[in-house]
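Shown next, in structure tokens, is the structure this report addresses.
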Amino acid sequence: MRTEEIIVNGHGGGIREAMNVTEKAGEEAGLSVKEMLRLRLLAEELLGMMRGIVGEAEAVFWAENNEKRFELHLDSDVPLSQEMRKELISVSSKGENAAAKGFMGKIREMIAVIVLPRESGPTMASLGLMSFGSPNGFRAGSVSYAWSMNEYRLGVENRRLESEEAGAAWDELEKSIVANIADEVSVSINGSHVETVIYKEF
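With our numbering applied, the sequence shown has no gaps in its numbers, which climb one by one up to 200 at the end.
Here is the structure:
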């Protein structure tokens, strides 16, 4: 089953409608109160993450489910400019990227790094630990990029005892609502087109 598509934007437009169709899908699937709460939390986190990227542009949200196996989709074109990235990324007095705090913040920053036009293009090094989630890196001959939360988690776990950065990233995963509830999060990027999907089976 697939819900209707809801247009959302960075100003909060469509968010209520998106939550409504998510709740309706959960009710029709027979989710318990606790399961419904978790589905809502995942939808809220997904929509909240993209609000920081889409800006004036719009994104399309929908939910799909087969009984209690759910997918939450957010599909958008993100025409990031240098000015938009400056707004997205706030640098603290310590020189840290304040916009990339937390797990979902890091996904948001990863998308910005990849989508942002630059002369040489993004590199795996510029993505830091987030490159762990892309086992194949950038696909040859294209600007396509695919990222997986589970691949990222595995990469971070393998290095968390030997790297302070990986240790901090592991702590973020442990504290993240999405990382603790979702079965998987995937991000697919092709040019400025971004599709983010959260998977959850109840």
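Positions of the beta carbon are idealized from the N, C-alpha and C atoms, including for glycine. Treat the numbers as computed from the prediction; the structure is a model and nothing was measured.
Cβ neighbour criterion (16 or more within 10 Å) applied to residue i
i: R14; result: exposed
i: N188; result: exposed
i: S30; result: exposed
i: G10; result: exposed
i: G28; result: exposed
i: E107; result: buried
i: L35; result: exposed
DSSP bridge partner residues for residue i (one or two, in chain order)
i: K198; result: F68
i: E56; result: N7
i: A61; result: L70
i: I187; result: Y143 and V192
Contact check, residue i vs residue j, beta carbons under 7 Å
i: L127; j: A167; result: yes
i: S184; j: V113; result: no
i: M147; j: E182; result: yes
i: E155; j: M102; result: no
i: E149; j: G131; result: yes
i: S72; j: A61; result: Residue 72 is actually Leu in this sequence, not Ser. Not a contact, by the Cβ cut-off of 7 Å.
i: Y197; j: E3; result: no
i: F59; j: A16; result: yes
i: S74; j: V176; result: no
i: E199; j: R67; result: yes
i: G46; j: L37; result: no
Three-state secondary structure (DSSP) of residue i
i: G11; result: coil
i: D181; result: coil
i: T0; result: Checking the sequence, you will find Arg at residue 0 rather than Thr. Of the three classes helix, strand and coil, the one that applies to R0 here is strand, per DSSP.
i: E160; result: coil
i: V154; result: helix
i: S129; result: helix
i: V76; result: coil
i: G165; result: helix
i: A27; result: coil
Start-to-end residues for the alpha helix (DSSP H) that takes in residue i
i: A110; result: F101 to V113
The beta strand (DSSP E) enclosing residue i, as first and last residue numbers
i: A144; result: S142 to S146
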